[in-house]
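In what follows, a structure is listed as structure tokens, so that the remarks can point back to it.
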């Protein structure tokens, strides 16, 4: 971990006392935990339609971040789920009666599906999966990079229910020569010069994967407008740049789609780590795809105060790009020693895996708590952050500092 | 984690299907946390940038020299088609690299 953050944490060590004294005020602990983070300090908590208090990144288009206190549990509530749009205006009104999902292009039978069609004509599939913005934690890159300066809250885990994309494509009849499908939502920029947010996936990628779905249900309810009502694409294991919201059109094409949001946007260095020497440019790039292994401490919050000798339960989540979390370890001595955390229920290989560990601060003083995860194919997290110019793929071992006393 | 949903879920879904067909939300205006700091060129910067997005996009960026902000202006004009004259672009880079400079 880089030193500026550590130094900052030291300088705000006294903040823990304020967190405790304000503990009875419902909104204050979250707001103060947020102020203890150099990237989030100064950002207001805001309440958007169908949303609870979230950390504002940008107003227009709306980008909202989930406070870390929600990451002590596996399921992220719909109203706390992060929001990320690329262009403005964003969809604010959908008439389900007239909304249609069109499946067009290189198909035998173009489709225009209503929401009822999606629900009634295709078998229901459910998958619990993490949506994480490619640029989650970009604000922590050193050297800093331009872009959405997220803290760590551009992620969430929900149970998604919908129709399998491959069933829709099979119903339309994908023709020979099909290479990719493109996905477009209702968000249309005000100026024609601004590139529409259109993403693409290889046809083979989606026909082979029964977990890629067009979801119309999130945690048992309809999707909030800002999370993609009435339906969004869900691509488990892959960064949520592909999870096109307010989905309206799927087009099958005979080539690799390379418009702005696929190229040059959302690309990573074509190197095994997806990284380059900090501050340098990659020679070649490829589209970002599978998520790296990450783990977080949801409680206690960064900057919290604990009592020496009194047991505390550390809780958090871990996830990866779809192989599943095999093991989570925690450390209270800056990574010198590690011990195994207890894993919570397995909600599937694409989901947040809850973990907890009992911990007792032996004596008064500051403690650096760390967490790291290992997935089913042996991928883990490093002590030194990897770097790329777009600020993607962050998966360094994260830490929080708590004060015992 | 993939599974076919049980009958209980299907029954629960029925009343939802009968619910309102129209869903509308209203978004709040730009939050003042994104307001630009005063300085020479702030008006033209506000006018040009707010045509497409709120200025918290600027406020949240790492501070940077004229080269950083020139690159941003070039991207806005060339990639996103922002209609900004050369003269205004110069004034905006001047403002950003002073007020949000290194």
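Residue numbers (the working numbering), protein chains in the order written: chain A, 218 to 622; chain B, 46 to 147.
Every residue gets a Cβ at the ideal spot worked out from N, C-alpha and C, and that includes glycine.
Treat the numbers as computed from the prediction; the structure is a model and nothing was measured.
From the beta-carbon of residue 83 of chain B, no residue of chain A is found nearer than 8 Å; the closest lies around 18 Å away. In this structure the segment 384 to 397 of chain A lies against the segment 458 to 474 of chain A, because at least three pairs of beta carbons, one per stretch, are closer than 8 Å.
Residue 594 of chain A counts as exposed, since fewer than 16 other beta carbons sit within 10 angstroms of its beta carbon. By the neighbour-count criterion, in which 16 or more other beta carbons inside 10 Å mark a residue as buried, residue 251 of chain A falls on the buried side.
Taking a beta-carbon distance threshold of 7 Å, residue 105 of chain B counts as an interface residue toward chain A.
Contact between residue 407 of chain A and residue 305 of chain A holds, since their C-beta atoms are separated by about 6 Å, short of 8 Å.
Put simply, of A:291, A:373 and A:363 the residue whose alpha carbon is nearest the alpha carbon of residue 281 of chain A is A:373.
Near chain A, meaning a CB-to-CB distance below 8 Å, the residues of the segment 66 to 95 of chain B are 66, 67, 68, 69, 70, 71, 72, 73, 74, 75, 76, 78 and 79. Taking the Cβ atoms as the reference, residue 606 of chain A lies roughly 17 Å from residue 613 of chain A, outside the contact range of under 8 Å. For the options A:367, A:598 and A:463, the alpha carbon positioned closest to that of residue 308 of chain A is the one of A:463. When the alpha-carbon of residue 512 of chain A is set against those of A:340, A:542, A:527 and A:556, the nearest one is in A:542. Beyond the five residues adjoining it in sequence on each side, residue 604 of chain A comes within less than 6 Å, by CB distance, of 492 and 495 in the same chain, given in chain order. Chain A has no Cβ within less than 7 Å of the Cβ of residue 146 of chain B. At a cut-off of 7 Å, the C-beta of residue 102 of chain B has a neighbouring C-beta in chain A.
Between residue 271 of chain A and the set A:277, A:287 and A:619, the nearest pair of CA atoms involves A:287.
Nearest CB-CB separation between residue 99 of chain B and chain A: below the 7 Å threshold.
In this structure, the beta-carbon distance from residue 427 of chain A to residue 381 of chain A falls below 7 Å.
Look at residue 66 of chain B here: in three-state DSSP terms it is coil, with no helix or strand label. Taking C-beta atoms as the reference points, residue 110 of chain B and residue 79 of chain B fail to come closer than 7 Å. For residue 577 of chain A, the closest of A:522, A:347, A:597 and A:538 by C-alpha to C-alpha distance is A:522.
Residue-level contact by beta carbon holds for residue 363 of chain A and chain B, with a gap shorter than 7 Å. The alpha-carbon separation between residue 442 of chain A and residue 622 of chain A amounts to approximately 45 Å. Contact between residue 458 of chain A and residue 505 of chain A holds, with the beta-carbon distance rounding to 7 Å and staying under 8 Å.
The C-alpha of residue 550 of chain A is placed about 42 Å away from the C-alpha of residue 266 of chain A.
In this structure, DSSP gives residue 142 of chain B a helical state, which the three-state scheme calls helix.
In the DSSP assignment, the residues bridged to residue 592 of chain A are A:542. Nearest in C-alpha terms to residue 400 of chain A, of all of A:353, A:478, A:336 and A:377, is A:478.
Considering only A:461, A:609, A:448 and A:317, the residue with the shortest C-alpha distance to residue 486 of chain A is A:609. For residue 435 of chain A, there is no enclosing alpha helix (DSSP H); the residue is found in the beta strand (DSSP E) stretching over 430 to 435. Among the residues facing chain B, residue 484 of chain A is not included, as its CB has no counterpart in that chain under 7 Å away. The continuous stretches of beta strand (DSSP E) do not include residue 507 of chain A, and DSSP gives it neither H nor E. Neighbours of residue 124 of chain B in chain A, taken as residues whose beta carbon is under 8 Å from its own, are 412 and 477 in chain order. Contact check between the segment 66 to 78 of chain B and the segment 532 to 541 of chain A: fewer than three CB pairs, one atom from each, fall below 8 Å, which does not count as touching. Within 10 angstroms of the beta-carbon of residue 369 of chain A lie 16 or more other beta-carbons, which makes it buried. Counting the other CB atoms within 10 Å of its CB gives residue 404 of chain A a total of 16 or more, which places it among the buried residues.
A Cβ-Cβ distance of about 7 Å is found for the pair residue 590 of chain A and residue 544 of chain A, placing them in contact under the 8 Å criterion.
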